[in-house]
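Asker:
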Amino acid sequence: MQEIKCPKCGEVFQVDESGYSAIVKQVRDKEFEKEILERESTYKSEKNAAVQIAVAKMESEKNKIISELNAKIKTEEIEKNHAVNSAISDKDKIIASKDLEISKLKSELDINKAGTELAIKTAIQNSESKIIELENRIKLEKSEWELREKSIDQRYTDEIKRKDEEIAYYKDFKARQSTKMIGESLEQHCEIEFNKLRSTAFPNAYFEKDNDVKTGSKGDYIYRESSDDGTEFISVMFEMKNEMDTTATKHKNEDFFKELDKDRNEKNCEYAVLVTLLEADNEYYNSGIVDVSHKYPKMYVVRPQFFIPIISLLRNAALNSLKYKRELEIIRNQNIDITHFEEDINDFKDKFSRNYRLASERFHKAIEEIDKTIDHLQKTKEALLSSENNLRLANNKAEDLTIKRLTKGNPTMAAKFAELESFTDK
Numbered sequence: 004m005q006e007i008k009c010p011k012c013g014e015v016f017q018v019d020e021s022g023y024s025a026i027v028k029q030v031r032d033k034e035f036e037k038e039i040l041e042r043e044s045t046y047k048s049e050k051n052a053a054v055q056i057a058v059a060k061m062e063s064e065k066n067k068i069i070s071e072l073n074a075k076i077k078t079e080e081i082e083k084n085h086a087v088n089s090a091i092s093d094k095d096k097i098i099a100s101k102d103l104e105i106s107k108l109k110s111e112l113d114i115n116k117a118g119t120e121l122a123i124k125t126a127i128q129n130s131e132s133k134i135i136e137l138e139n140r141i142k143l144e145k146s147e148w149e150l151r152e153k154s155i156d157q158r159y160t161d162e163i164k165r166k167d168e169e170i171a172y173y174k175d176f177k178a179r180q181s182t183k184m185i186g187e188s189l190e191q192h193c194e195i196e197f198n199k200l201r202s203t204a205f206p207n208a209y210f211e212k213d214n215d216v217k218t219g220s221k222g223d224y225i226y227r228e229s230s231d232d233g234t235e236f237i238s239v240m241f242e243m244k245n246e247m248d249t250t251a252t253k254h255k256n257e258d259f260f261k262e263l264d265k266d267r268n269e270k271n272c273e274y275a276v277l278v279t280l281l282e283a284d285n286e287y288y289n290s291g292i293v294d295v296s297h298k299y300p301k302m303y304v305v306r307p308q309f310f311i312p313i314i315s316l317l318r319n320a321a322l323n324s325l326k327y328k329r330e331l332e333i334i335r336n337q338n339i340d341i342t343h344f345e346e347d348i349n350d351f352k353d354k355f356s357r358n359y360r361l362a363s364e365r366f367h368k369a370i371e372e373i374d375k376t377i378d379h380l381q382k383t384k385e386a387l388l389s390s391e392n393n394l395r396l397a398n399n400k401a402e403d404l405t406i407k408r409l410t411k412g413n414p415t416m417a418a419k420f421a422e423l424e425s426f427t428d429k
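So the mapping is simple: this note's numbering equals the position in the sequence shown, first residue as 1, plus 3.
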């Protein structure tokens with residue numbers, strides 16, 4: 004017996020061992036459940052904070068890249084204008100120099116008019132040849148400068164166009180298939196991108212097609228990763244959706260949320276991610292990693308360029324909480340061990356009680372059979388005793404049997420016995 008003191012009234016009362024154990028177990032289970040709830044709440048808070056920090060960090064990096072590209076474009080625009088202005092200035096200087104030389108030659112021609120006619124004609128011819136040559140050189144150099152100017156304009160135009168495309172890419176996150184994706188499906192693209200980093204970034208990860216259709220449906224890919232001690236700390240169900248721009252009936256991303264959440268629960272995955280090229284002009288899905296947990300828990304929508312980043316983001320957040328998961332796993336295993344111990348005891352009690360009941364039934368049945376056998380033997384004994392008594396009476400009657408009794412009341416037999424006696428005497 005154990006004594007327990009009431010904390011309110013101070014009364015001391017006694018309970019037996021089973022009652023005391025039940026009270027201790029009740030208190031222990033309540034504290035244990037409270038500790039698990041507190042740790043799960045802490046784990047969820049830290050994980051959500053880590054996800055928000057990572058999303059904010061990626062948004063900051065995106066804005067930084069866009070700012071750097073804008074600054075680079077402005078710098079290159081200034082350099083282009085400066086180069087064009089410099090080229091135009093050089094061209095004007097050369098033309099002015101050539102014009103000055105022509106004027107000088109004309110002046111010399113005027114001065115030499117006082118010479119001989121032959122000298123004048125020779126000078127004129129020489130001057131005209133030089134003028135023609137200079138004019139041709141001017142035309143050629145002018146043509147070269149025009150070509151150079153066009154080339155510079157084209158180069159900077161192409162550069163600006165390329166930068167504009169990069170800015171549009173980071174700003175709008177248009178998820179168009181690249182040239183490497185021509186002839187490949189979106190699933191193949193994601194698998195190839197993952198396999199490029201599998202050996203270095205995800206050595207302990209499982210990333211394979213979901214081919215299990217026992218539940219009636221399946222996702223596209225399942226990602227799972229465990230620590231070195233075998234504790235699984237992250238699992239993701241992936242669904243990839245794509246359609247041609249010429250498709251008449253356009254699907255929406257929301258059309259696939261319910262089925263994806265169903266597949267996540269059936270395959271025991273923690274997260275669900277939709278990698279999509281649908282609704283290409285929707286700014287909501289083009290803004291980066293979209294959290295749709297307000298509709299379905301732990302679900303995200305991303306464009307293909309965020310396929311690897313979303314895995315890294317969720318994986319890093321899960322790694323931060325791995326310590327708590329290990330502790331919870333240990334506690335759960337301990338609780339399971341206790342439950343199994345209690346189950347084993349109850350199972351032993353049930354089996355022992357069943358065996359005892361069966362043995363008791365067979366024991367009573369054996370006793371009944373023994374009683375029946377004893378009763379049968381008793382009846383057999385009585386029958387044998389009765390037969391012995393009848394034989395004794397018969398024997399007594401046989402011993403009492405004499406000739407006188409046999410011939411009594413029978414004159415024929417008496418005469419025969421008398422004749423037999425007289426014959427014997429002779």
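Don't be surprised by glycine CBs; every beta carbon is placed ideally from N, CA and C.
According to DSSP, is TYR299 part of a helix, a strand, or is it coil?
Answerer: As a first step, residue 299 must be located in the sequence shown, where it is residue number 296. Coil.
Asker: To which residues does DSSP link THR203 through a beta bridge?
Answerer: Along the sequence shown, read from residue 1 onward, the residue named residue 203 stands at position 200. None; THR203 has no bridge partner.
Asker: Provide the residue(s) that pair with ILE237 in DSSP beta bridges, ordered along the chain.
Answerer: Numbered from its first residue, the sequence shown carries residue 237 at position 234. Partner(s): GLU228.
Asker: Could you spell out the range, first to last residue, of the alpha helix (DSSP H) harbouring PHE260?
Answerer: As a first step, residue 260 must be located in the sequence shown, where it is residue number 257. Counting along the chain, the alpha helix (DSSP H) containing PHE260 begins and ends at 260–269.
Asker: Evaluate the contact criterion for the segment 293–313 versus the segment 259–268: three or more CB pairs, one atom per stretch, below 8 Å.
Answerer: Judged by Cβ distances under 8 Å, the segment 293–313 makes contact with the segment 259–268, as three or more pairs qualify.
Asker: Helix or strand or just coil, what does DSSP make of LYS221?
Answerer: The residue given as residue 221 occupies position 218 in the sequence shown. Reduced to three states, the DSSP call for LYS221 is coil.
Asker: Which residue comes first and which comes last in the alpha helix (DSSP H) that contains PHE310?
Answerer: Taking the first residue of the sequence shown as position 1, residue 310 is located at position 307. Here the alpha helix (DSSP H) through PHE310 covers 310–323.
Asker: Under 9 Å between the Cβ atoms of GLU282 and LYS253?
Answerer: Here residue 282 is taken as the residue at index 279 of the sequence shown, counted from 1. Here residue 253 is taken as the residue at index 250 of the sequence shown, counted from 1. Yes; because the gap between Cβ atoms is below 9 Å, this pair is in contact.
Asker: Quickly, what does DSSP pair GLU196 with across the bridge? List them, please.
Answerer: As a working mapping, residue 196 is identified with position 193 in the sequence shown. Beta-bridge pairing links GLU196 to no other residue.
Asker: Taking 9 Å as the cut-off, decide whether the C-beta atoms of TYR274 and ILE292 are in contact.
Answerer: One-based indexing of the sequence shown puts residue 274 at position 271. One-based indexing of the sequence shown puts residue 292 at position 289. No, they are not a contact pair.
Asker: Under 8 Å: do the segment 202–211 and the segment 220–239 share three or more Cβ pairs, one atom per stretch?
Answerer: Contact between the segment 202–211 and the segment 220–239 is present, because at least three Cβ pairs lie under 8 Å.
Asker: Based on the DSSP output, what are the partners of LYS212 in its beta bridges?
Answerer: Here residue 212 refers to the residue found at position 209 when the sequence shown is read from its first residue. Note: LYS212 sits in a beta bridge opposite TYR224.
Asker: Taking contact to mean 3 or more Cβ pairs, one atom from each stretch, closer than 8 Å, check whether the segment 131–138 and the segment 61–68 are in contact.
Answerer: Contact fails: fewer than three Cβ-Cβ distances are below 8 Å.
Asker: Would you check if the distance between the CB atom of ASP231 and the CB atom of LYS270 is smaller than 9 Å?
Answerer: Along the sequence shown, one-based indexing puts residue 231 at 228. Along the sequence shown, one-based indexing puts residue 270 at 267. Going by C-beta atoms, ASP231 is not nearer than 9 Å to LYS270.
Asker: Straight-line CA distance for SER425 to ALA418?
Answerer: For the purposes of this step, residue 425 is taken as the residue at position 422 of the sequence shown. For the purposes of this step, residue 418 is taken as the residue at position 415 of the sequence shown. Approximately 11 Å, taken between the alpha carbons.
Asker: Would DSSP call LYS142 helix, strand or coil?
Answerer: The residue you call residue 142 lines up with position 139 of the sequence shown. If DSSP states are grouped into helix, strand and coil, LYS142 belongs with the helices.
Asker: With a threshold of 16 other CB atoms inside 10 Å of the CB of ASN393, please say whether the residue is buried or exposed.
Answerer: On the sequence shown, position 390 is the one that residue 393 refers to. Exposed, by the Cβ-count rule.
Asker: DSSP state of ALA275, grouped into three classes?
Answerer: Taking the first residue of the sequence shown as 1, we reach residue 275 at position 272. Reduced to three states, the DSSP call for ALA275 is strand.
Asker: From the DSSP output, in three-state form, read off LYS244 for me.
Answerer: Position 241 of the sequence shown holds residue 244. The answer is strand: DSSP assigns LYS244 an E or B state.
Asker: Mind the definition here: the segment 63–81 touches the segment 151–171 only if three or more C-beta pairs lie below 8 Å; say whether that holds.
Answerer: With a cut-off of 8 Å, the segment 151–171 and the segment 63–81 count as touching, because enough Cβ pairs lie within range.
Asker: Assign ARG395 to one of two classes, buried (16 or more other C-beta atoms within 10 Å of its C-beta) or exposed (fewer than that).
Answerer: Working through the sequence shown from its first residue, we reach residue 395 at position 392. So ARG395 counts as exposed.
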